[in-house]
Amino acid sequence: MLFILFVLSMLMVVVEANVFHFLIAWELMSLVSYFLVIFDTENKKSIEAGTIYIVMTHFGTALLIIAFLLMYRHSGSFDFNTIQASLSSMSSMQRNIIFLLLFFGFGTKAGIVPLHIWLPYAHPQAPSHISSVMSGVMIKTAIYGMIRFIIIMLGVSSLWWGELIMVFAAITCLVGVLYALMENDIKTVLAYSSVENIGIILLGIGSSMIFIKAGLPILATLSMCAALYHLVNHAVFKGLLFLGAGSVYRATGTRNLEKLGGLINKMPWTCSFFLIGSMAISALPPLNGFVSEWLLLIVLFLGAAALTGGLKLFICLAAAVLSMTGALAAACFVKAFGITFLARPRSPKAENAKESNFLMNFGMAILATLVVLLGLGGVYIIEVLVRVSQTILGSDIDPISINNIILRPQPAQNIYLSPLILAVLLFSFAALAYLLKRLFGKEKTVTAGTWDCGYYKLTSRNEYTGTGISKPLRIAFSFFLLPFRKIEKIRETRYFIKSFSYETHTTKVFREYLYKVFLGQMFRFARNMRGIQIGSIHIYLGYICLTIILLIVFVGRF
Amino acid sequence: MGKIIEFIVLLLLCPLIGGIITKIKNNLRFRRGPSIFQPYFNLIKYFSKDEVISDKASWIFKATPYIVFASTATALLLIPIVSLDNPLSLAGDFFAVIFLLGLGRFFLALAGIDPATTFGGMGTSREIFIASFVEPVTILAILVIALSAGTTNLNSIVSLLHMNPSTIMAMFSLIMIAIAETSRIPIDNQETHLELTMIHEAMLLEYSGKSLGLLEFSTYLKQLLFFSIIAIVFLPAFSGPVFFLLKILGLSVLVSIVELSLSKMRLFRVVDFLSFAGILSVMAIIALILGV
Amino acid sequence: MSLLSMLIKKDKILMAVTSFSYLASLIASVSLGNTFLSTKTPISLFNIFYLDSLSVFFVFTISVIVFAATLYSEGYIEKELSHNEFTQDKLKYYYLLLNLFVFAILLVTVVNNLGMMWVAIEITTLISAFLVGFHNTKNSIEAAWKYIIICSVGIILALLGTILFSYAFLFSVGTKSLNWTDLIAVASKLDPNLVKIAFIFVMVGYGTKAGLAPMHTWLPDAHSQALSPISGLLSGVLLKTSIYAILRYTMIANRCLGISFSSHLFLLFGLLSMALAAGLILVQRDLKRLLAYSSIEHVGIIVFGLGIGGPLGLYGALLHIFNHAVTKSFLFFGAGNLVNTYGSHNIRNMKGALKVIPFTGGMVLIGIFALAGFPPFSIFYSEIMILMSTFNQGRFILGALFSIFVTIVFGAIIFYFSQIIFGEKPKNLQVVREPLIGKLSFLFLLVFIIFAGFMTPNLINGLILSIIEALKG
Amino acid sequence: MELFVIFGLVLSTFALVFSKRLSALIGNFALQSFFLSLLSFTEAIKGNNLELYVVAMLLLVLKVLVIPRILQNMVKEMQVNENLGFFLNPQLSLLVAAILLYLSWVFSGVVFANQDNLVKIYGTVSFLMISLGLFLMVFRMKALAQVVGLLAMENGVFLLASSVSGGMPFLVEMAIFFDIFVGVVILGVFVYRINKLFVGIDVNKLNRLRG
């Protein structure tokens with residue numbers, strides 16, 4: 280019921296052609312999703328998450344409202360087209376302000392760092408299918424908003440807009456994926472990786488804005504197309520992953536990686552779907568994530584080739600950030616998939632997990648096939664998206680030439696990609712490898728216990744944990760993650776330690792040093808303000824005297 | 016057709032490089048060392064043996080050797096070594112090569128975790144750690160080359176590229192990357208199986224027999240891949256089989272000298288090593304911008 | 246009509262008759278409004294009573310709230326009786342006071358003579374003081390005392406202002422009169438300096454009663470201590486009547502001094518109130534106190550809107566008067582039920598209202614989102630109108646401040662109420678059944694909360710438009 | 196004659212501020228109201244109109260006789276300690292009163308510019324009474340002191356109304372008197388309750404509701 284309303288509201292957001300209605304649909308969406316977040320009202324955490332979510336999103340909406348009202352002030356109308364028509368005559372100062380308002384307003388919903396704070400709370404709390412929709416679609420409505428209002432209606436009027444967006448996008452990518460690596464709650468990992476992917480999409484959009492200003496319409500269209508393509512892809516594989524996480528949670532009753540493991544034998548289907556999802560999200564050929572990130576990379580390269588001066592370097596660094604994000608994402612999902620599904624079960628819960636029912640698997644199967652198709656047949660999707668981005672940017676130059684399976688980004692350049700051929704090659708070489716094996720006689724395998732260095736009882740406690748796997752990165756990035764550890768020892772005697780527990784956590788910089796501080800200041804201020812309401816009637820009467828006197832003294836002022 | 020033959024030749028030749036490097040190292044140490052054909056003997060030995068597979072391991076463990084081999088071989092196939100009109104450049108470009116290597120790495124890392132051993136996990140953790148620094152640096156270096164060639168299509172790179180300061184810097188960073196990727200000192204050490212130091216070997220620890228052979232083989236392929244990339248970039252004017260072989264030999268000498276003259280670093284020093292490579296390529300880009 | 250219901254002795258019938266009479270008054274006001282809309286002429290009865298669009302608008306608002314309040318208090322009293330906090334005679338006493346109170350309020354809005362208006366408002370203070378101190382506990386007595394003293398002081402200042410107005414009239418015309426109609430007629434000829442000072446006195450005086458910072462100090466105490474139906478009336482109606490009074494004088498002042506003077510004062514007080522409420526609402530423990538502070542904030546918003554002016558701003562402000570009246574009394578009723586159920590005002594002690602007292606819980610949930618200004622509820626519309634006209638006049642800083650305060654209050658309200666409404670149900674409480682009659686009042690108000698926004702009733706719409714005409718001067 | 200009365204008014208107001216005990220306070224208030232009624236009698240005689248006579252009579256009866264009596268009785272019955280708590284001691288209060296006198300003179304000069312001196316004086320006195328009433332309410336602890344302060348303020352307003360703007364309409368006047376009366380009664384009731392609940396009528400004890 281709520282779910283349907285949710286989907287409806289999102290549709291409304293996308294189809295409205297009137298700012299006021301858009302606003303109402305937007306708020307409706309926030310409201311409904313809020314109720315979905317606090318779906319299980321018994322749980323304290325979900326209430327907290329809901330509160331953070333609704334407050335943050337309302338903050339964003341406030342910014343949007345101001346921006347819209349500024350637009351209205353200038354155009355005197357709420358209709359998209361009239362506004363668009365009239366905005367051309369707006370002073371650049373106002374444009375910049377409106378742009379900032381819109382960017383941060385929508386950014387709150389999209390979850391750009393440091394406004395992402397609500398996302399890792401809200402998404403894991405909702406039921407899994409909801410979180411898949413939230414991550415997959417809802418935060419994309421914010422991207423829609425940015426494209427619609429900033430690029431189409433406002434029109435890119437200065438270079439630094441694009442640069443600003445790209446800077447924030449880069450930060451968002453890295454921070455998102457790093458936090459994703461550090462988390463051990465599987466759904467939180469996915470939520471953070473949504474943040475990262477939003478960053479990637481914004482990289483595309485930002486670069487496209489830069490190219491518009493730099494007078495490279497072809498590249499602009501191309502990067503817009505790449506962004507849209509990644510948007511679609513992310514929707515698909517993130518949905519897939521959330522569903523997978525959901526069925527894992529349902530089977531084992533825990534979301535903590537350290538308690539999972541060995542599910543590959545218990546729930547093979549879920550496992551393989553999840554594997555496909557993780558391969559796609561870590562941009563492995565020939566799946567869809569690979570195609571979109573490759574396209575984005577190529578666009579950045581072409582941009583760097585076309586531009587000169589500082590921008591060249593800027594774009595190159597952006598490309599480096601992008602690839603680093605990709606590598607970290609791969610690392611993250613090696614951890615997520617490996618710890619969840621491979622090796623030994625780490626807890627009885629994981630020990631006796633059951634494969635989830637047919638329908639759930641079917642749902643995942645659909646998405647998994649979509650992932651593969653979007654990868655192999657990416658060419659055709661791109662063909663469509665190119666049209667879309669042409670309409671967005673109002674350019675008619677064809678930035679891409681496609682002969683049946685081969686993608687050729689810019690006619691001038693002879694750069695090609697064909698996921699299909701790559702797939703074929705991969706399979707043929709796998710076959711070749713098999714032949715190579717068979718060349719030396721029939722394959723005979725013996726199964727024995729894992730080599731235990733002679734230590735005869737190897738249990739799941741000897742495995743590498745999720746925390747352990749991400750440790751080197753935690754240390755390497757300790758300047759940002761600020762890890763700290765909780766150690767507690769229970770001693771029997773001074774020398775003999777009975778039990779020893781060791782946890783390590785990372786400090787969420789933005790929460791600790793931005794929001795906590797800000798809220799703390801606000802509450803301290805409020806607490807001081809209680810001094811006004813001190814409870815003494817004499818002082819209250821004093822206020823009245825004072826007011827009167829001041830007003831009469833300054834009567835001339837009014 | 017020429018490409019196919021060339022590729023098969025390369026397949027046959029690639030273990031030789033490993034042999035040569037070992038040989039050179041030993042000679043520089045004033046030892047006799049094994050013959051340069053030792054890698055072949057090893058491979059044959061592995062392939063003719065049966066496998067022992069952990070009972071904890073899943074199909075991922077079994078599938079990994081194929082996938083790693085396939086990805087590396089495909090990547091190698093995309094690179095025009097001698098014949099400059101590689102028809103397969105339609106399949107993908109320079110970036111695609113990196114992504115392909117990523118595929119292999121991903122599965123190798125998974126295979127490290129799979130058999131529920133401690134060493135495997137250790138290897139995985141270190142591998143992904145290093146990889147997440149190697150990849151951006153590689154991309155940067157490639158960007159330099161591609162920018163100075165004006166394309167990322169490998170054929171055209173070979174034909175269009177010409178030496179300039181930035182490409183030289185890029186080449187140096189590529190060499191450093193190659194050292195990291197082929198798991199050699201100072202990043203990693205192929206010869207040791209001491210759990211404190213091993214990275215790449217740790218992931219292979221549970222493998223044996225044919226699969227191990229396959230993995231070893233793909234390691235050699237990868238080595239060749241990087242060497243040939245460098246060979247393309249270095250003095251692109253002199254191409255053709257002979258020059259290629261000469262360049263490869265020169266590289267092997269260089270690498271073995273490096274391996275001898277340096278000692279293995281602490282894991283976290285690797286970051287500095289790679290970031291130096293990164294800085295090199297950034298400087299190269301700046302040099303490009305300044306048009307030096 | 247209220248006199249009539251005072252005479253009745255049997256309490257059951259008393260309740261019925263009371264609410265019925267207010268239903269009648271509601272209908273009367275509606276018909277009045279319609280006739281008024283058809284014939285655009287003010288109704289004046291031999292120079293004592295005078296009804297124009299403003300009066301009718303307020304009469305309508307008042308009778309809506311009062312009708313709901315009487316409905317609610319039937320259910321409420323039921324519960325109180327069952328908790329035997331109430332005795333029969335106490336109940337009659339309650340109804341007597343209630344009716345007098347409402348009578349006085351209605352009187353305020355219909356009299357022509359400003360002196361009489363003053364008297365009526367003072368009477369409302371005196372009576373409602375009893376209703377505040379009804380429970381005769383330490384807290385309630387303290388609240389009542391502060392209420393009555395501070396408001397009387399304020400009111401006396403207002404009287405001073407009134408006198409000065411009449412003096413100005415005398416000075417410029419020569420005859421003496423306190424009739425609003427006479428004053429408005431010659432408003433433009435009055436001595437500006439005098440009017441300025443007089444208006445300041447009136448503003449502060451009635452502002453005290455309207456709960457504008459910094460004269461608001463009595464409000465949180467009084468509203469949190471009063472019986473819940475009364476708190477509803479206090480926030481919903483009483484504050485608005487003093488705003489009505491201020492508006493009356495504003496019309497004169499605007500005609501004499503032009504818009505800017507009054508609007509500056511309004512903006513000053515409005516922003517002060519909003520800022521203060523935004524600050525203090527963050528650190529409240531007491532549910533009804535929280536709501537009281539939000540009343541301060543909303544009065545601030547109304548006055549801010551009046552100050553911003555411009556047709557849109559005025560429309561928003563006037564509509565906000567109605568919306569806030571409805572929503573806030575709605576919430577106070579809900580809060581009353583909550584307080585009764587949990588037997589405590591403290592937010593910390595309330596959990597899982599949705600489980601414990603489902604109907605009210607749901608209603609309050611709707612109510613807070615309405616109060617916080619979420620679409621499609623009515624308050625959203627009035628607030629956005631005010632904000633819109635702020636920006637249209639290019640007063641960006643004011644607009645920014647406005648939205649900051651509103652956002653802070655939003656956060657606070659959601660934060661506290663989500664703790665109350667959700668969460669698991671305490672062990673010691675079992676699910677509460679609620680009397681139908683109480684539910685009715687909620688539903689009755691809910692209709693307005695939902696529909697007053699995007700399909701404003703023609704009556705309200707027309708009235709507001711003509712008021713705006715009058716205010717422009 | 197008028198000037199004499201006005202002088203009396205000012206004097207009694209000062210006495211109001213200076214008085215240290217409840218009964219004295221109430222007495223002084225009665226005195227002030229008495230002078231006020233005298234004033235309105237003179238007005239009535241001047242304008243000889245019935246309404247003014249009635250008003251003056253009522254003033255005499257209510258504010259000079261009835262209300263002070265009620266308050267005195269309350270003081271007796273509750274036998275609270277007579278001393279009204281000072282936040283500001285009488286001497287300083289007198290100083291303040293003097294300052295206020297000057298200020299209200301200035302203020303009435305502003306308000307009743309281009310008017311003859313008498314009006315200005317009337318204005319001054321009434322403003323003085325109002326401000327001092329407020330002063331009492333702010334700086335005295337006892338609840339009754341606040342009541343008296345309130346009444347004093349009301350007196351001031353009455354003075355202003357009757358002298359400057361020629362009195363209010365009769366009906367309103369009556370209504371206000373009724374209002375005052377009821378108000379005093381209700382306040383009395385509350386004072387009783389306070390006395391019962393808070394042992395004593397020091398208003399500064401009522402500080403439970405804060406924040």
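Protein chains in written order, with the numbering used here: chain S, 280 to 837; chain R, 16 to 307; chain A, 246 to 718; chain G, 196 to 406. Glycine is no exception: its CB is placed at the ideal position from the N, C-alpha and C atoms. Nothing here was measured: the structure is a model prediction, and the numbers come from that model.
With 16 or more other Cβ atoms from the protein chains shown falling within 10 Å of its own Cβ, I371/G counts as buried. At least one CB of chain S lies nearer than 9 Å to the CB of E66/R.
In the three-state reduction of the DSSP assignment, T701/A falls in the coil class, being assigned neither a helical nor a strand state. Boundaries cannot be given for I602/A, as no alpha helix (DSSP H) includes it and DSSP labels it neither H nor E. Among the residues of chain A, those whose CB is under 8 Å from the CB of R388/G are G378, N381, I386, following chain order.
The alpha-carbon of L708/A is positioned some 13 Å away from that of S276/A. For F833/S, the secondary structure class from DSSP, reduced to helix, strand or coil, is coil.
Boundaries of the beta strand (DSSP E) harbouring P762/S: 762 to 770, taken from the DSSP string. Taking T738/S as the centre and dropping the five residues before and after it, the same chain places the C-beta of R623 closer than 8 Å to its C-beta, in chain order.
The distance from the Cβ of L521/A to that of A458/A is about 4 Å, consistent with a contact at the 8 Å cut-off. Listed along the chain, the chain S residues whose CB falls inside 9 Å of the CB of Y222/R amount to none; the nearest CB is some 11 Å away.
Put simply, the segment 429 to 442 of chain S touches the segment 483 to 501 of chain S. At least three CB pairs are less than 8 Å apart. Taking 9 Å as the cut-off, the beta carbon of E66/R is found no closer than this to the beta carbon of F134/R.
Among the CB atoms of chain S, none fall inside 9 Å of the CB of F213/G. For the segment 370 to 390 of chain S, no residue has a beta-carbon sitting nearer than 9 Å to a beta-carbon of chain G. E679/A and A313/A have their C-alpha atoms some 16 Å from each other. Below the 7 Å Cβ cutoff, chain S contributes A755 as neighbours of V286/R, in chain order. Judged by pairs of C-beta atoms under 8 Å, the segment 372 to 379 of chain G touches the segment 360 to 375 of chain A, as three or more such pairs exist. With at least 16 other beta carbons inside 10 angstroms of its own, S73/R counts as buried.
Taking 9 Å as the cut-off, the beta carbon of I288/A is found closer than this to the beta carbon of L296/A. Three or more beta-carbon pairs separated by less than 8 Å link the segment 475 to 483 of chain S to the segment 505 to 514 of chain S, which places the two stretches in contact.
Note on I769/S: under 16 other CB atoms within 10 angstroms of its CB, so exposed under the neighbour-count rule. Look at F294/A here: in three-state DSSP terms it is strand. The beta carbons of L123/R and A90/R sit no closer together than 9 Å. For V356/A, there is no enclosing alpha helix (DSSP H), as DSSP gives it neither H nor E. H402/S sits in a helix when the DSSP states are folded into three classes. Taking 9 Å as the threshold, the shortest C-beta distance from N168/R to chain S falls below it. Note on geometry: alpha-carbon atoms of L28/R and F22/R lie some 10 Å from one another.
One finds A598, A599, S602 in chain S with Cβ atoms closer than 7 Å to the Cβ of I154/R, taken in chain order.
In the three-state DSSP reduction, V447/A falls in the helix class (H, G or I). Within the segment 338 to 367 of chain A, the residues whose Cβ lies closer than 9 Å to some Cβ of chain G are N358, L359, G360, M361, W363, V364, A365, E367, listed in chain order. Assigned with DSSP and collapsed to three states, A712/S falls in helix.
Per DSSP, reduced to three states, the secondary structure at E277/G is coil, with no helix or strand assignment. Annotation for H543/A: the continuous alpha helix (DSSP H) segment containing it runs 532 to 553.
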